[in-house]
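*Asks:* Letter by letter, the sequence shown follows residues 8 to 738 of this note's numbering. Take a look at this one; I'll ask things after.
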Amino acid sequence: MSILHNEQTGIFSLETAHSLYQMKADATGVLLHLYYGGKTGGDMDYLIRYTDRGFSGNPYELSSNRGYSLDTLPQEYSGNGVGDFRLPAVQVLSENGSRSVDLRFVGYAIAKGRRQLSDLPFVREAEETETLTITLRDSVIDLDLELKYHVFPSQDVIVRSARLINTGNQPLVIEKAASACVDFLYGDFDVIHFHGRHCMERIPERLSLPRGVASFGSRRGMSSHHSNPFVILCDRHATENTGDCYGCMLMYSGNHLEEMEVDQAGSTRLVSGIHPDGFSWTLAPGEAFQTPEALLSYSANGLNGLSRHYHDIIRHQVISPRWQTAKRPVLINSWEAAYFDFDAEKILRFARSAKEMGMEMLVLDDGWFGKRDDDNAGLGDWVVNEKKLGCSMQELSDQIHALGLEFGLWFEPEMVNEDSDLYRAHPDWALADPDRKPMLARNQLVLDMSRQDVVDYLFDAMCAVLDHAKIEYVKWDFNRSISNCYSHALSADRQGEVAHRFMLGTYQLLDRLLKRYPDLMIEGCSGGGGRFDAGMLYYCPQIWCSDDSDAVERLEIQRGTSYGYPASTMGAHVSASPNHQTGRMTPLSTRSIIAQSGTFGYELNPEKLTDAEKEEIKKQISDYHRFELLIAEGSYYRLTELDENKDFEAWMFVSPDQKEALVNLVMTHVRANGPFPHIRLQGLNPQYHYRLEGENIAHSGLALVNGGFAFPQMHRDYPAAQLHLVAIDEA
Ligand code: DGJ
8 MSILHNEQTG
18 IFSLETAHSL
28 YQMKADATGV
38 LLHLYYGGKT
48 GGDMDYLIRY
58 TDRGFSGNPY
68 ELSSNRGYSL
78 DTLPQEYSGN
88 GVGDFRLPAV
98 QVLSENGSRS
108 VDLRFVGYAI
118 AKGRRQLSDL
128 PFVREAEETE
138 TLTITLRDSV
148 IDLDLELKYH
158 VFPSQDVIVR
168 SARLINTGNQ
178 PLVIEKAASA
188 CVDFLYGDFD
198 VIHFHGRHCM
208 ERIPERLSLP
218 RGVASFGSRR
228 GMSSHHSNPF
238 VILCDRHATE
248 NTGDCYGCML
258 MYSGNHLEEM
268 EVDQAGSTRL
278 VSGIHPDGFS
288 WTLAPGEAFQ
298 TPEALLSYSA
308 NGLNGLSRHY
318 HDIIRHQVIS
328 PRWQTAKRPV
338 LINSWEAAYF
348 DFDAEKILRF
358 ARSAKEMGME
368 MLVLDDGWFG
378 KRDDDNAGLG
388 DWVVNEKKLG
398 CSMQELSDQI
408 HALGLEFGLW
418 FEPEMVNEDS
428 DLYRAHPDWA
438 LADPDRKPML
448 ARNQLVLDMS
458 RQDVVDYLFD
468 AMCAVLDHAK
478 IEYVKWDFNR
488 SISNCYSHAL
498 SADRQGEVAH
508 RFMLGTYQLL
518 DRLLKRYPDL
528 MIEGCSGGGG
538 RFDAGMLYYC
548 PQIWCSDDSD
558 AVERLEIQRG
568 TSYGYPASTM
578 GAHVSASPNH
588 QTGRMTPLST
598 RSIIAQSGTF
608 GYELNPEKLT
618 DAEKEEIKKQ
628 ISDYHRFELL
638 IAEGSYYRLT
648 ELDENKDFEA
658 WMFVSPDQKE
668 ALVNLVMTHV
678 RANGPFPHIR
688 LQGLNPQYHY
698 RLEGENIAHS
708 GLALVNGGFA
718 FPQMHRDYPA
728 AQLHLVAIDE
738 A
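And the structure:
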């Protein structure tokens, strides 16, 4: 049993393999958060001390107890406007204009397994999953709140969400409904958040939490390049391999907010959920609102330990079972090879060459439909441009399959160009404020995915293409932020629902397509990694990590991504040198080593490769096949500390049975007469001896972990080395 309720003490204990989460409803019905951290073997309510703090008032019924204040006690899900002056988890506007919410315990239920969510992505049930539902009630406004906790013991993850139900006769307007709120009574924390921009996503920044509020989030209608819906709170001395770390990852691809508040007594509150700015949701009597899920995890083994929890749960409970263990094709993508300038003949030449080198799929990127010869027209018209191709999509696909390759196609379903037949027929299908010209970005508008007719149109249009030709893969792009988020199909008082309804529409479309084409692989993309989140990963087993394909920049991007997401989800390709985004020259071997730590592929014009490069690529692909399982299923370790080492980046994968490992090292700064790049390996079995491929020598796991390994000095720009270790015996 991973969920226990002690009837005597009222304490709920949620246990995973290495963590304990406790809360209790006290005599007043307030649900107090008691503890989250390493196991303790006992009840943690002794940690709460009651004191009369000035300006922290008392609930009316407890006015004689000046030591009891909602403002000083750790709350499991903070209400609003009734005495806790810290961040609220929920805010609801009642008919009379009040925004107060005061939640008290009503009851609970513990069940095996979990119920699926119908319109949102969710963490899929594991064999040992258990669910705790705690119902809180505000009996003045007739609001019930169900707090859901799905416990995944072996992954050390607790999945939280909230469901708000209007049990009264008056409509309620939800203005804020967090997915999770966690109060840490004691401890000084650093926060690590993942900021960025187009072409440089998920850059970790570690900051000491100040007194007051720190917050990160996105109001772009997408999880965004700029702020990933994932934060880590860690103790001030935590490193990659030591120290307490807590993660909170929102399973959502739209607007989100992560807030942290350090209060007057030094306690820390973390609140995460849909961004409340611009959000409101009318709940008619009897209706319910479900928040997205938040994945909480705790590790005592530093940031690497925490990352492995997220890698594990994403690989096994978020990714579709169809792709959890399936090998991903080594693909060649036409974008950086040809951009909009192609016809079927050129694509087939790429395909022939790709096949000779051992690639397994050709992906035809943007430009195959409507009047799409540049990025100013055609989005929305998902009709094959046979004139440009010189043949039908079926003919092209047949010829690619005849070469022995699979075939993939690019779509950007949620967008429309003004210069498109779709927009001319349905201008009201684009999001735009009445009487105001909408912002354009890449000359495109955003379709109103909150409308069922738009979702239905897209489903039919995409099916028409997918039914017509054999297509194993779709790249699902999304190339602008959402502004003018106004739907012509909703009344004025419901416009605050559009951004969330947009995401529900997108999720519905993905869901319907996958139900119709269960073997279709959809790779997520949003101008690279602008929607790299657990919500999209539920539908898309891999996501194009960044439009920056420069190998050296990718070191940072993939490292940042690895804090929350496994290598098997990161779309990574070998591209041309000089690189198209930075102009940087890098060795082909380095580009390959970096791209191999993702879902491997190529994004270059094969006709420009020399024979020697083609031979090298053949070898890269066969090497990748030797390691792909290890990379996809192995435990991942970053071997350098954040910002610690400016001369090289190193990381490794260790197989689940610890019998095999792959170490990667890339020099970012080669120095004359420099030191040997030395690293201490991680995750090896100290009892094993490991043979180092190419070195014809073996060392014990203990030696490699404690003493480490020194690579030879390397020369020229951005050299890289790879070390493959295989256990030969037990010491
Ligand atoms: C942005 C994507 O990230 C690129 O890979 C490419 O598909 C372009 N869009 C096409 O417009």
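Heads up, the beta-carbon is just placed ideally off N, CA and C, and yes, glycines get one too.
#1: Inspect the beta-carbon positions of Pro573 and Ile321 and report whether they are closer than 8 Å.
#2: Where do the ends of the beta strand (DSSP E) carrying Pro236 lie?
#3: Quick check on this structure: which residue in Val712, Arg678, Pro283, Leu152 has the alpha carbon closest to the alpha carbon of Met721?
#4: Leaving out the 5 sequence neighbours to the left and right, which residues in its chain are closer than 8 Å to Ala579 when beta-carbon positions are compared?
#5: Expressed to the nearest angstrom, what Euclidean distance is found between the alpha-carbon atoms of Glu504 and Pro726?
#6: So, is Ala657 buried or exposed, given that buried needs 16 or more other C-beta atoms within 10 angstroms?
#7: Can you have a look at Leu447 and say buried or exposed, based on whether 16 or more other CB atoms are within 10 angstroms of its CB?
#8: Where Asp428 and Asp455 are concerned, what is the direct C-alpha to C-alpha distance, given to the nearest angstrom?
#9: Let me check understanding here. Comparing Cα to Cα, which of Ser20, Gly61, Pro66 lies closest to Ala34?
#10: Does the beta-carbon of Asp554, which I'm using as the reference point, lie nearer than 7 Å to any heavy atom of the ligand DGJ?
#11: State the beta-bridge partners of Tyr193 as determined by DSSP.
#12: Can you check whether the CB of Gln515 is closer than 8 Å to the CB of Val462?
#13: Using a threshold of 7 Å, is the CB atom of Asp190 nearer than that to any non-hydrogen atom of the ligand DGJ?
#14: Tell me the rounded alpha-carbon separation between Met510 and Met229.
#15: Could you work out which residue in His318, Phe357, Thr140 is closest to Phe796 when comparing CA atoms only?
#16: Kindly list the residues whose CB is nearer than 8 Å to the CB of Val705, restricted to its own chain and excluding five residues on each side of it in sequence; keep chain order.
#17: What is the DSSP secondary structure of Gly641, counted as helix, strand or coil?
#18: In three-state terms, what does DSSP make of Val89?
#19: Between which two residues does the beta strand (DSSP E) containing Gln29 stretch?
#20: Over what stretch of residues does the beta strand (DSSP E) that includes Lys482 continue unbroken?
#21: Are at least three pairs of beta-carbons, each pair with one atom in the segment 483–495 and one in the segment 216–236, less than 8 Å apart?
#22: So, using beta-carbon positions, are Asn173 and Pro292 closer together than 8 Å?
#23: Among residues of its own chain, excluding the 5 on either side of Phe718, which ones have a beta-carbon nearer than 7 Å to its beta-carbon?
#24: Just to confirm, is the Cβ distance from Ala32 to Phe112 under 8 Å?
#25: For Tyr493, which of helix, strand or coil comes out of DSSP?
#26: Go ahead and pull the three-state DSSP assignment for Lys378.
#27: Using 8 Å as the threshold, is the C-beta distance between Leu386 and Val325 below it?
#28: Around the C-beta of Ala245, are 16 or more other C-beta atoms found within 10 angstroms, so that it is buried, or is it exposed?
#29: Closest by CA to Ala169, which one among Asn340, Leu154, Gln162, Tyr346?
#30: By the three-class DSSP mapping on this structure, what secondary structure does Pro211 have?
#31: Contact check, Ile89 vs Ser71 under 8 Å by CB: the rounded distance?
#32: With DSSP as the reference, label Ile628 as helix, strand or coil.
#33: State the DSSP-derived secondary structure class of His507, mapped to helix, strand or coil.
*Replies:* Working from what's here:
#1: Along the sequence shown, read from residue 1 onward, the residue named residue 573 stands at position 566. Along the sequence shown, read from residue 1 onward, the residue named residue 321 stands at position 314. The answer is yes: Cβ separation under 8 Å.
#2: Within the sequence shown, residue 236 is the residue found at index 229, counting from 1. That run of the beta strand (DSSP E) goes 234–242.
#3: Here residue 721 corresponds to residue number 714 of the sequence shown, with the count starting at 1. Taking only the C-alpha atoms, the option nearest Met721 is Arg678.
#4: Position 572 of the sequence shown, counting from 1, holds the residue named residue 579. Taken in chain order, the residues that qualify are Cys552, Arg561, Gln565, Ile601, Ala602, Gln603, Ser604, Gly605, Thr606, Phe607, Gly608.
#5: Working through the sequence shown from its first residue, we reach residue 504 at position 497. Working through the sequence shown from its first residue, we reach residue 726 at position 719. Looking at the two C-alpha atoms, the distance is approximately 51 Å.
#6: Taking the sequence shown and counting its residues from 1, one reaches residue 657 at position 650. Buried: at least 16 other Cβ atoms inside 10 Å.
#7: What you label residue 447 is simply residue 440 of the sequence shown in a count that begins at 1. Counting Cβ neighbours within 10 Å, Leu447 comes out exposed, since fewer than 16 surround it.
#8: Position 421 of the sequence shown, counted from the start, is the residue given in the question as residue 428. Position 448 of the sequence shown, counted from the start, is the residue given in the question as residue 455. Rounded to the nearest angstrom, the two C-alpha atoms are 16 Å apart.
#9: One-based indexing of the sequence shown puts residue 34 at position 27. Minimum Cα distance to Ala34 is reached at Pro66.
#10: In the sequence shown, residue 554 corresponds to position 547, counting from 1. Under cutoff, so the answer is yes.
#11: As a working note, residue 193 is residue 186 in the sequence shown. Its beta-bridge partners do not exist; DSSP assigns none.
#12: Here the question's residue 462 lines up with position 455 in the sequence shown. Here the question's residue 515 lines up with position 508 in the sequence shown. Yes, they are a contact pair.
#13: Looking up residue 190 in the sequence shown gives position 183. No; taking the cut-off as 7 Å, the Cβ of Asp190 has no heavy atom of the ligand DGJ nearer than that.
#14: Position 503 of the sequence shown holds residue 510. Position 222 of the sequence shown holds residue 229. When rounded, the distance between both Cα atoms is 8 Å.
#15: Coverage of the chain is limited to positions 8 through 738, which leaves residue 796 absent and any answer about it impossible.
#16: Counting from 1 along the sequence shown, the entry for residue 705 is found at position 698. According to the sequence shown, residue 705 is Ala rather than Val. Excluding residues within five positions, the ones whose Cβ falls inside 8 Å are His696, Tyr697, Arg698, Leu699, Ile735.
#17: Here residue 641 is taken as the residue at index 634 of the sequence shown, counted from 1. Look at Gly641 here: in three-state DSSP terms it is coil, with no helix or strand label.
#18: Within the sequence shown, the letter at position 82 stands for residue 89. Correct three-state label for Val89: coil.
#19: Within the sequence shown, residue 29 is the residue found at index 22, counting from 1. It spans 27–32 - the beta strand (DSSP E) in which Gln29 sits, taken as one unbroken run.
#20: For the purposes of this step, residue 482 is identified with residue 475 of the sequence shown, where counting begins at 1. Run containing Lys482: 480–483, per the beta strand (DSSP E) assignment.
#21: yes
#22: For the purposes of this step, residue 173 is taken as residue 166 along the sequence shown, with counting starting at 1. For the purposes of this step, residue 292 is taken as residue 285 along the sequence shown, with counting starting at 1. A contact, by the Cβ cut-off of 8 Å.
#23: Position 711 of the sequence shown holds residue 718. The answer, listed in chain order, is Leu672, Phe683, Pro684, Ala728.
#24: Within the sequence shown, the letter at position 25 stands for residue 32. Within the sequence shown, the letter at position 105 stands for residue 112. In this structure, Phe112 lies closer than 8 Å to Ala32 by Cβ.
#25: Taking the first residue of the sequence shown as position 1, residue 493 is located at position 486. Here Tyr493 sits in coil by DSSP.
#26: Numbered from 1 along the sequence shown, position 371 holds the residue referred to as residue 378. Correct three-state label for Lys378: coil.
#27: Indexing the sequence shown from 1 puts residue 386 at position 379. Indexing the sequence shown from 1 puts residue 325 at position 318. In this structure, Val325 does not lie closer than 8 Å to Leu386 by Cβ.
#28: Start at 1 with the first residue of the sequence shown, and residue 245 comes out as number 238. Looking at its Cβ environment, which holds 16 or more other Cβ atoms inside 10 Å, Ala245 is buried.
#29: Against the sequence shown, residue 169 aligns to sequence position 162. Per the Cα distances, Leu154.
#30: Against the sequence shown, residue 211 aligns to sequence position 204. Pro211: strand per DSSP, three-state reduction.
#31: Here residue 89 corresponds to residue number 82 of the sequence shown, with the count starting at 1. Here residue 71 corresponds to residue number 64 of the sequence shown, with the count starting at 1. For clarity, residue 89 is Val in the given sequence; the question names Ile instead. Actually they do not touch by this definition, with Cβ atoms about 18 Å apart.
#32: Against the sequence shown, residue 628 aligns to sequence position 621. Helix.
#33: Reading the sequence shown from its first residue, position 500 is the one you call residue 507. Helix at His507.
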